[in-house]
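Undergrad: Sending over a structure as structure tokens; questions will come in a sec.
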Amino acid sequence: MQEKETRGFQSEVKQLLHLMIHSLYSNKEIFLRELISNASDAADKLRFKALSQSDLYEGDGELRVRISFDKEARTITLDDNGIGMTRDEVIENLGTIAKSGTKAFLESMGADSAKDSQLIGQFGVGFYSAFIVADKVTVRTRKAGLPASEAVFWESEGEGEYTVAGIEKENRGTEITLHLRADEDELLSEWRLRSIISKYSDHIALPVELQVEKTEAPENEEEEPTTTVTFEKINKAQALWTRNKGDITDEEYHEFYKHISHDFANPLTWSHNRVEGKQEYTSLLFVPSKAPWDLFNREHKRGLKLYVQRVFIMDDAEQFMPNYLRFMRGLIDSNDLPLNVSREILQDNKVTQSLRGALTKRSLQMLEKLAKDDAAAYQTFFKEFGLVLKEGPAEDPSNQAAIGKLLRFASTNTESSEPTVSLDDYISRMKEGQDKIYYITADSYAAAKSSPHLELFNKKGIEVLLLSDRIDEWMMSYFTEYEEKPFQSISKADESLDKLAEQTEEQKEAEKALEPVVDRVKTYLKDRVKDVKLTHRLTDTPAIVSTDADEMSTQMAKLFAAAGQAAPEVKYIFSLNPDHPLVKRLSDEKDEDKFAQWVELLLEQSLLAEKGSLEDPNEFIKRLNKLLIG
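In our numbering, the protein residues as written are 156 to 785.
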């Protein structure tokens, strides 16, 4: 028998317990859902292990979880005959939170209880939810296949530490006893527990048995009534995805989603499909309404639950979904994969590849339907997961058109910075003769909205998409056209953009007169710029810089720099507005020193508008002040 010891909780567990008890109390019923869900997982894991080690059943193959209560002791007990835990597993599962970024996540939460509740809900609290209603929790567990003498005792009052010790336990599985807080006596009722289980856990495939007391009247008046305690199965105990869709309520789908995802919010939408023919499988896919806190963490667990012929095989089977759909939750139950399938076998399996393609298309169709049927819900989705979806055009070229239909952008056609414009919306508003989709990338919506590159487009009423997410420039390097209409960055030099600026005879004359000035600026700047020319794409701005069509853009160079990678030097084309007073003043300047100062000022202004920063902002300010003074 292993010795008894007292250990301190991992600091993150202490934080989580404190936040959870105070933030989730208004929804305290979920403790039972979470503990039953864990019991169901334990049963699934035993079934899988027993495929190759049938003796793990120890002569008891009828898996279940039993819930009992003791009014005098004021306890509720959940007893399952699933896989059970070893001492090391108890310490790992009940004393620590093995999630990357946990500390930063908890530190990010403030004192607002509503906000904390939402974030805690994203985290998934599982076993620790017991402390919402209990001031002490006792666990007795034995791993299937180990002797009775290697069972483990765990107990804690949910403060700073817990006790762990070796005990004897004849039956495998885990028994959790909740010692209720002083104001939780209403839970010590068959009716109350039955109503909670019916509400949250009716869909669980594992039989849930509840303690039922039956009192029988005596045969004669002299005898006392007799009370017997039995356990009665109170849930359907049929895997929800195997049932007929027409027999499943929305509420059941909601609760099943929460069971498999440990989310607290309802999903935005779901799709339940049974496919027969060349391949036979059932899929149940959900779109969450809130992004998990670690969505962009490299170690974020993703993927679907995998079942083979209704037998649970693994959690987080990432092989069935591309990375840009990593937010999708749900399961797949295949009849075509072997029961002994491993992650390595899945990786190169043709059945897996076929299922991945089908589930990817199904997911994109779900999102398209959501966008069509409920624009507000789709905006909620895009706000939460739009950045992830934008990885799609590069990752999945074969579905690029379907992904493009789902993207949303801010544009010059709307006043809001919210991305609400679809590419189909944009195309429907294109001007007669317009054959390109125009866009601009920038560090922020404000920078994109006020860019001097927009001046000609605003003047002509041509809509431009305003892209300000960091991923946008990278996405557009792969996403080159939509519905046979090419994308065109308006911050790149292109003949089609110059053609938009119709020149009058007066402008042509003015341009000819300024040719010596252009040559003079070229001579002064030398190889600091790729070229100097005149442009009629501007109305209020004296000059802009742009990059050649085949060269790296400003935003792409910034991405390289942010990633700590060396990028080729960006050589700009410096374009002057011949109609602007400052350019005319430049052309009239005879003093070479002042001419140089004006050129520097106009170039720095252009670079500041394009890049959002200068290498030497103080020198720019001094130059500006000097020229203002005269």
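Don't be surprised by glycine CBs; every beta carbon is placed ideally from N, CA and C.
1. Can at least three beta-carbon pairs, one atom from the region 289-302 and one from the region 320-338, be found at a separation below 8 Å?
2. Can you check the region 663-745 for any beta strand (DSSP E) of at least 3 residues that lies completely inside it and give the ranges in chain order?
3. Could you pull the start and end residues of the beta strand (DSSP E) that PHE634 belongs to?
4. By the three-class DSSP mapping on this structure, what secondary structure does ILE331 have?
5. From the DSSP secondary-structure annotation, give me the bridge partner or partners of TYR593.
6. Would you check if the distance between the CB atom of GLU650 and the CB atom of PHE642 is smaller than 9 Å?
7. Going by other Cβ atoms of all chains shown within 10 Å of its Cβ, with 16 needed for buried, is LEU783 buried or exposed?
8. Taking LYS560 and LEU578 to be in contact with their CB atoms under 8 Å, please state how far apart those CB atoms are, rounded to whole angstroms.
9. Taking all protein chains shown into account, decide if SER353 is buried (16 or more other Cβ within 10 angstroms of its Cβ) or exposed.
10. Would you identify the three-state DSSP class for VAL506, choosing helix, strand or coil?
11. Looking only at DSSP bridge pairs, what is MET469 linked to?
12. How about LEU343 and ASP225: are their beta carbons less than 9 Å apart?
13. Using the Cα positions of THR293 and TYR317, report the straight-line distance between them to the nearest angstrom.
14. Identify the continuous alpha helix (DSSP H) that holds ILE784 and give its terminal residues.
15. If we define contact as Cβ-Cβ less than 9 Å, is ARG219 a contact residue for chain D?
16. Enumerate in chain order the residues of its own chain whose CB-to-CB distance from ALA266 is below 8 Å, with the five nearest sequence positions on each side excluded.
17. Could you give the first and the last residue of the continuous alpha helix (DSSP H) run that contains GLY616?
18. Determine the extent of the beta strand (DSSP E) in which GLY559 is found, giving its start and end residues.
19. Within its chain, find whatever has a CB closer than 6 Å to the CB of TYR412; leave out the 5 residues flanking it on each side and keep chain order.
20. Taking buried to mean at least 16 other C-beta atoms within 10 Å of its own C-beta, is ARG683 buried or exposed?
21. Considering Cα atoms alone, identify which of ASP627, GLY588, GLU570 and SER571 is closest to TYR594.
22. Measure the beta-carbon distance from SER426 to ILE487 and round it to whole angstroms, keeping in mind my assumption that it falls under 8 Å.
23. Going straight from the alpha carbon of VAL149 to that of ARG465, what length do you get?
24. Please name the residue in ALA601, PHE536 and PRO477 whose C-alpha comes closest to that of ALA549.
25. Are LEU233 and ALA194 close, meaning C-beta to C-beta below 9 Å?
26. When the Cα atoms are used, what is the spatial distance from LYS677 to LEU731?
27. Determine, using beta carbons only, whether THR596 and LEU622 come nearer to each other than 9 Å.
28. Taking C-beta to C-beta, are ILE468 and GLY313 nearer than 9 Å?
29. Using CA coordinates, which residue listed in GLU765, LEU758, ALA306 and LYS766 is at the minimum distance from ARG778?
30. Using CA coordinates, which residue listed in LYS749, PRO697, GLY541 and ALA197 is at the minimum distance from PRO239?
TA: From the atom records:
1. Touching, yes.
2. 686-689, 698-701 and 728-731, all fully within the region 663-745.
3. Boundaries for PHE634: no beta strand (DSSP E) harbours it, and the DSSP string shows neither H nor E there.
4. If DSSP states are grouped into helix, strand and coil, ILE331 belongs with the strands.
5. Residue pairing of TYR593 in beta bridges, as defined by DSSP: GLN643.
6. The answer is no: Cβ separation not under 9 Å.
7. Exposed, by the Cβ-count rule.
8. Indeed, because the Cβ distance is near 7 Å, the residues count as touching under 8 Å.
9. Taking all protein chains shown into account, SER353 has fewer than 16 neighbouring C-beta atoms within 10 Å of its C-beta and is therefore exposed.
10. Here VAL506 sits in helix by DSSP.
11. DSSP lists LEU461 as partners of MET469.
12. In this structure, ASP225 lies closer than 9 Å to LEU343 by Cβ.
13. Counting only the Cα atoms, TYR317 lies some 10 Å from THR293.
14. Bounds of the alpha helix (DSSP H) holding ILE784 are 772-784.
15. Going by chain labels, chain D is absent from the structure shown, which holds only one protein chain.
16. Only weak support exists for where ALA266 lies, its pLDDT of 47 falling under 50; the value from the coordinates is given anyway. For ALA266, where only same-chain residues beyond five positions count, there are no Cβ hits under 8 Å.
17. DSSP places GLY616 in no alpha helix (DSSP H); its state is neither H nor E.
18. Taken as a continuous stretch (DSSP letters only), GLY559 belongs to no beta strand (DSSP E), being part of the alpha helix (DSSP H) at 555-561.
19. Here the set comprises PRO422 and PHE441.
20. Looking at its Cβ environment, which holds fewer than 16 other Cβ atoms inside 10 Å, ARG683 is exposed.
21. Of the candidates ASP627, GLY588, GLU570 and SER571, the one whose C-alpha sits nearest the C-alpha of TYR594 is ASP627.
22. With a Cβ gap of about 12 Å, SER426 and ILE487 do not count as contacting.
23. In the structure as shown, the chain starts at 156 and stops at 785, and residue 149 therefore has no counterpart that could be examined.
24. For the residues ALA601, PHE536 and PRO477, the minimum Cα distance to ALA549 belongs to PRO477.
25. Yes, the pair counts as a contact, with Cβ atoms nearer than the cut-off.
26. Looking at the two C-alpha atoms, the distance is approximately 12 Å.
27. The answer is yes: Cβ separation under 9 Å.
28. With contacts defined by Cβ atoms closer than 9 Å, ILE468 and GLY313 do not form a contacting pair.
29. Checking every option, the nearest Cα to that of ARG778 belongs to LEU758.
30. Note that residue 239 corresponds to Gly in the displayed sequence, not to Pro. Selected option, being the one with the closest Cα: ALA197.
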